[in-house]
Amino acid sequence: MSAVNDKLAQSQTRNPLLSMRGIGKTYGEVRALRDVSLTLAAGEIRAICGENGAGKSTLVKALTGIVAPDEGEVWLDGKQVHFTVPKDAQAHGINLVSQELSICPDLSVLDNIWLGALSLPFFHRKAELRARAADTLKRLGAGHITLDGLAGRLSTGERQLIEIARMLVRDTRILILDEPTATLSDKEIHVLMSALKSLRAHGTSILYITHRLGEVFELCDHATVMRGGTVVADQAVADLTRDRLIELMLGRVLGHMFPEHHIAEGATFFAINRLNVPGAAHDVGLSLTEGQIMCLTGQLGCGADEVIRAVAGLVSHASGRITLDGEDIPLGRPEVARRRGVRFVSGDRAEEGVFIDRPAWENLVAPRFVERSGARLVHNRALRNEAAALADRSTLARHRLPVRTGDLSGGNQQKLAFGRNIGDGAAKLILMIEPTRGIDVGARAEIYRLMRDFCERGCAILMASSDFAEVLGIADVVATMFRGEVVKTYKTGHLDMTRLIADVTHPEEEDA
Amino acid sequence: MNSDTDLPRAAQPDFAALKARITLGNAVTLLAVLVLAALALATPGFLSMPAIRSLVTTVSFTGCVAIGMTFITLSGNLMSFSLGASLSAATLIFVATLGAGLWPAILAAVLFCAALNALQGWIVGYFRANPIIVSMASFAIITGVATAVTGGRGLYILTNVAAGLKGNLGPIPGPFAAFAICMLIAQLILSRTALGRRIVLTGTNPRAMLAMGAEPWKAVVWAYALAGLFTGVAAVLMAARYGSGDLQHGIGMEYSAIAAVLVGGTAIEGGRGSFLRTFLGALFIAVLQSVLVLRGFSTEWQRFGMGAVVLLVILLQRK
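First to last, the sequence lines map onto chains A and B.
The first sequence begins at 1 in the working numbering and counts up one residue at a time.
The second sequence begins at 513 in the working numbering and counts up one residue at a time.
As structure tokens, this is what we get:
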């Protein structure tokens, strides 16, 4: 490398666009951040990686004025700045796209893009706003979205782009993305990636918070790895390997992410025949044997989620025949499905997976309150003991049991949602949608282990996932889906990533 | 037995935690209680025996309705504006069936009131109708039908079969004893039965209940039925006390009950609350009413005072 280049790199690190120095933040007794420093150059994409609770979100909040740090300095353009409210950060061109999208479905795309922009004058020229919005969408590679359409009609991926466009029309110099791909399909992720790369080419700096390691390597220039509120590594992505990154995040070497597959064959344990979910899935037929994990996979809207929900009894207008362990499971009757051994672990944890306002232990024993007749007295002491035993089996630390469930990490919430089903041996089939969405690497491996252990006891799991690495890693049988129909089913080992992606994107070309 | 299966108890309360608990809301609540207590003690006649007896009786009546209201609030359905009308109708049923004996009349009134509200609970829970609208429609229907049937006149108790209900239990007034028992039963149902836990879980997240294969609408029906049941108890106590069944008995009752529930600190969005809170709330409201009456405020100003208190509480409940 030439000396000139070296010098250039040095001056860039000396005069970065943004630099945070020695940031510290304490909540009550918890030190969320300790001496965190970070720089961001113009046109750089920097990944912030770390497990849940590593301090990523707090760092972002400190940067955007949502929380005030106790210690440390923030420098922008060589001048020290103090942000006390989010408006201050916006005025300096720092904008956050948070995990929860804030799109107003009943407003037009155009209105959504300009929503909340501070620079908008009271009397503005609509034509100019239109032109700038259209321009911004084009820059994001989303020129096909019509400005006058309702935002509610857009897919999740498109909404994400609208949200980014909203930040760009605010003259954003530093864009912060918090887990932007958590709910996107692979195709949409691809669109987002190229949009972000084109932004980088235009000089926008990006802080990119993610769990997904693949994205770090595809997109980012530098990575700041956080653990327990401190920075454990700050390196160029080119100098990192995937394993090294995982090791840095976890603070230890990760064993096998996925447990062994279940190879043995047996009689059909669970079968779906000619299942139809109007508008979502058509003529689905599947079967699996004891001990198997079957995974339905495809892009967003392929119908996999709806098949799972229908089996759980949560779709009222589905038709078809479902049998489990020799018994018919009627459709549209969740309570009957439960009595016959079907359990559902929702992908939407806060909304229908767990009771976030109740303590963790109550979530683990919640099924007891449902199974028993209403007049039966409950013995809280016995229940707490049962919850403690279940927590052990679900690898959840006991000291978390009295904690409000909403204050736990996604991984621990998922352990509650799964663990409550394994207590009494009555569950035969567990249904899951996106079992590890938004869950960090360490907890993921534990959840996969739990799933496998459950199946080993003569049960089965039917899950839907759009995380293809997960699909290949955990499933014994994979059913690829495209536009509501099953393309093909594969046993483990007979499927690779290329084939999978071909199936779920353009299956009709497969035979050609 | 196995002490290691016990959960760790909460750590020793330390100063920081204590400080964190003293929020603006807590401070204002404490201030309100102190101001009211001072006002009450400074009001001539407040500490007289008749005033206290009347206070305790009022607490018992509104308290029983407030217990019912608490079940509805806990189940995630905000509140019912028809409990007062249900109470009025139940006093009429009680007096009308008194000819068959005291216990049959009590049973008839309480079950009628429970069924009337269970029906509303079914409409709210099964059809996911807006609970406020349903209760307002029910209020109109119950009041309308009851007025048409009775011609707007009250029914009077002409015998002394129900006299036992207004006597004392030792030094404790009968209605208060009944209210205290109701409170114990309600708390038992809430915290120690599977049904009670179902109502609370449904209140915090009905969708999670459905996904778990529970039937949230059934818990809602039961919450409303219990609301009707405890309101029915209030109806019996009031009819016995005033010697009549009358549409006037329940007027404003639901409002006092809502105020009691809210002042007590039960979360309006459901899933969090207790009957001790409701009792304290009912006590606060009754003392406030009593002070206003003793200080010679007109009914209009009493209503103003109650309305202001409810608004204040809603503002303080904001997290």
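Here a beta-carbon is modelled for each residue, glycine too, at the ideal position from N, C-alpha and C.
Contact of A/Pro86 with chain B is not assigned, every C-beta pair being separated by 8 Å or more. Identification of residues in the region 764 to 797 of chain B having a C-beta nearer than 8 Å to some C-beta of chain A yields Gly783, Arg784, given in sequence order. Against chain B, the beta carbon of A/Asp357 has neighbours under 8 Å at Thr716, Asn717, Gly783, Arg784, listed in chain order. Taking each of B/Thr671, B/Asn672, B/Met724, B/Pro687 in turn and checking the Cα distance to B/Lys678, the smallest one comes out for B/Pro687. Closest option to A/Asp70, judged by alpha-carbon separation, among A/Ser316, A/Leu240, A/Val36: A/Val36. Chain order gives the chain B residues near A/Ala375 as Thr705, Ala706, Leu707, where near means a beta carbon separation below 8 Å. Taking 8 Å as the CB threshold, A/Ala201 stays off the interface with chain B. Put simply, the CB of A/Leu408 is far from chain B, with every gap to its CB atoms at 8 Å or more. DSSP, reduced to helix, strand and coil, places A/Ala68 outside both helices and strands of the structure shown, so it counts as coil. Taking a C-beta distance under 8 Å as the contact criterion, B/Ile711 and B/Phe583 qualify as a contact pair. Listed as beta-bridge partners of A/Cys295 by DSSP are A/Met463, A/Val478.
At a cut-off of 8 Å between beta-carbon atoms, B/Ala720 makes contact with chain A. Between A/Ile356 and A/Thr405, the C-beta spacing is below 8 Å. Residues Leu140, Gly141 of the same chain have their beta carbon placed closer than 6 Å to that of A/Ala195, with the five preceding and five following residues left out of the count. Between A/Ala304 and chain B, the shortest Cβ-Cβ separation is not below 8 Å. Assignment of beta-bridge partners to A/Arg46 by DSSP yields A/Leu207, A/His222. Put simply, the backbone Cα of A/Asn273 is about 15 Å away from that of A/Leu462. Excluding residues up to 5 positions away in sequence, Arg166, Val169, Arg170 lie with their Cβ nearer than 8 Å to the Cβ of A/Ala117 in the same chain. The beta carbon of B/Trp734 falls within 8 Å of a beta carbon belonging to chain A, placing the residue at that interface. When Cβ-Cβ separations below 8 Å define contact, B/Gly757 makes no contact with chain A. Look at A/Ala281 here: in three-state DSSP terms it is strand. When the Cα atoms are used, A/Val60 and A/Ile23 turn out to be separated by approximately 11 Å. Identification of chain B residues near A/Arg372 by a Cβ-Cβ cut-off of 7 Å yields Ala706, ordered along the chain. Collapsing the DSSP output to three states places B/Gly757 in a strand. Contact with chain A is found for B/Gly725, since one of that chain's Cβ atoms lies less than 8 Å from the residue's Cβ. Assigned with DSSP and collapsed to three states, B/Ile584 falls in helix. Spatial neighbours of B/Leu590 in its own chain (CB-CB distance under 7 Å, excluding positions within 5 residues in sequence) are listed in chain order as Pro643, Ile644, Ile780.
Comparing alpha-carbon positions, the option among B/Leu722, B/Thr603, B/Ser810 lying closest to B/Tyr638 turns out to be B/Leu722.
Sixteen is the threshold: when 16 or more other Cβ atoms of the shown chains lie within 10 Å of the Cβ of A/Leu286, as they do, the residue is buried.
Secondary structure at B/Met750: helix, using DSSP grouped into helix, strand and coil. Put simply, the backbone Cα of A/Asp325 is about 38 Å away from that of A/Ser155. One finds Ala720, Ala723 in chain B with Cβ atoms closer than 9 Å to the Cβ of A/Gly353, taken in chain order. For the region 616 to 649 of chain B, the set of residues with a beta-carbon nearer than 7 Å to any beta-carbon of chain A is empty. In summary, the residues of the region 287 to 321 of chain A whose CB is separated from some CB of chain B by less than 8 Å are Ala312, Gly313, Leu314, in the order they occur in the chain.
B/Ser650 and B/Leu553 have their C-alpha atoms spaced approximately 41 Å apart. Chain order gives the chain B residues near A/Phe369 as Ala706, Arg709, Arg710, Leu713, where near means a beta carbon separation below 7 Å.
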